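Quick notes on the structure that follows.
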Amino acid sequence: MEHPEISNPMDTRSGMSDEHIFTSLLQKIDACYDRFDDVVNKSGLSKMPVGEVNSTHWREDSGELEYHQKLQKFVHPCELEKALDITWKAFQFALHQRDRQVFNGFGHPNGTVVMRYRLVRTLATSTSVSVVQRLAARRFFEQDRVVCIWKMFTEGEGIFRGMHSTLTGWGSVRAMPDGSGTLAEVCVRQFPVVMNATPSVSNEFHHFLHITLDEDKESVMTTIQHRPNAQLPETSISQQM
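Residue numbering for the sequence shown follows the numbering used here, beginning at 2 and increasing consecutively.
As structure tokens, this is what we get:
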């Protein structure tokens, strides 16, 4: 059975255009939206208290890494409409400006974001590494909540060539029953694929994914919780890992 959150909808070596790639990502997003409640319940997100839980999951048949998971639940003190505006702004990922392209025509901009950009970092060994990331996000308005699903395809370059990762995120925002603010719940799963790589390069790629995922999380939380009206500064394209 194909799982839409882990299937790789693209092979850039086949020469697929960005249009085809993003169309495929958005189709996968729609399939993941249908599974939202199932993911939230089975992951434990629905019953966990406010906070964050990180875990690594392994395949039962082979013992190989399947995915890394981040669960997060937090309360924002503002009303639902403002919280939705702030949260959607966070998905613009203003910190990613290198070779950034935002694509139109995939849906109303109030409900769909599609972009690609390049990340460049410097390893502790002084080796420069880079990846290209393609991000598609879509939000769905329901009666008592707004659900956001996003997918990110990361393609390695240079010493990371041939490696890739697919990330799927499920999130929801709803008003608190007592009117004290809004409750946000987030589940993120990252599926790295590393083939024909030395252990050291493989470890560097995994570390790169962890670092950049944490950067994105910090960017989103900064926008949502600390400086909702401030524009995020650009980050250095060459940082020590």
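For each residue, glycine too, the CB sits at the ideal point set by N, CA and C.
These numbers come from a predicted model, not from an experiment.
{"query": "Three-state secondary structure (DSSP) of Pro78", "result": "coil"}
{"query": "Span separating the alpha-carbon of Ala91 from that of Gly182", "result": "18 Å"}
{"query": "Ala125, buried or exposed, once every other Cβ within 10 Å from all chains shown has been counted against 16", "result": "exposed"}
{"query": "Proximal residues to Ser100 (C-beta, below 7 Å), its chain only, five neighbours per side dropped", "result": "As written in the sequence, residue 100 is Asp, which differs from the Ser given in the question. Contacts found: Tyr118 and Arg119."}
{"query": "Exposure label - Phe142; buried when at least 16 CB within 10 Å", "result": "exposed"}
{"query": "Under 8 Å between C-beta atoms of Leu96 and Ser220", "result": "yes"}
{"query": "Proximity of Arg139 and Gly172 at Cβ, strictly below 8 Å", "result": "no"}
{"query": "For Ala185 and Thr123, the rounded distance between their alpha carbons", "result": "34 Å"}
{"query": "Lys83 versus Thr223: straight-line alpha-carbon distance, rounded", "result": "15 Å"}
{"query": "Ala185: first and last residue of the uninterrupted beta strand (DSSP E) it sits in", "result": "Thr183 to Val194"}
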